[in-house]
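Here is the structure we will look at, set down as structure tokens.
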Amino acid sequence: DLAAAVGVLTAELGREGDRERARGPVLDVVRHAVVLSEVWVPGPSEQVMVAQLRSIALDLLQATGLTRDAALLAMRAHPPAG
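Counting from 219, one number per residue, gives the positions in the sequence shown under the numbering used here.
If you want it as structure tokens, here you go:
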């Protein structure tokens, strides 16, 4: 999922496309990380991996043109579907 999100962003940046289109796939990564955290009890290593994933997602959202605050808000505003 993360690789797909990066691919979408790269494609949009590479052709001067609409960077906002990459936000959906990035937010999907955040949703999946939340679901994983709820499904199983992560140990210390897994908690670090989830934190790193969220950090990468934050960076990618900022690459789409969002400010840090707007990116954090978007990550909080998109809970897992279901």
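Ideal Cβ positions, reconstructed from N, Cα and C, are used throughout, including at glycine.
Candidates the options: closest to residue i by CA position
{"i": "A223", "options": "V247, A288, Q280", "result": "V247"}
{"i": "Q270", "options": "A251, L227, V259", "result": "A251"}
Simplified DSSP state of residue i, which is helix, strand or coil
{"i": "V259", "result": "coil"}
{"i": "L284", "result": "coil"}
{"i": "D219", "result": "coil"}
{"i": "R233", "result": "coil"}
Residue i to residue j span [Cα, whole Å]
{"i": "E256", "j": "R249", "result": "11 Å"}
{"i": "S263", "j": "M293", "result": "22 Å"}
{"i": "D287", "j": "L279", "result": "10 Å"}
{"i": "I365", "j": "L231", "result": "Missing from the structure shown is residue 365; the chain here goes from 219 to 300 and no further."}
{"i": "P243", "j": "E234", "result": "18 Å"}
{"i": "R239", "j": "V259", "result": "32 Å"}
Nearest-angstrom beta carbon gap, residue j and residue i [assumed within contact, 8 Å]
{"i": "R237", "j": "L227", "result": "7 Å"}
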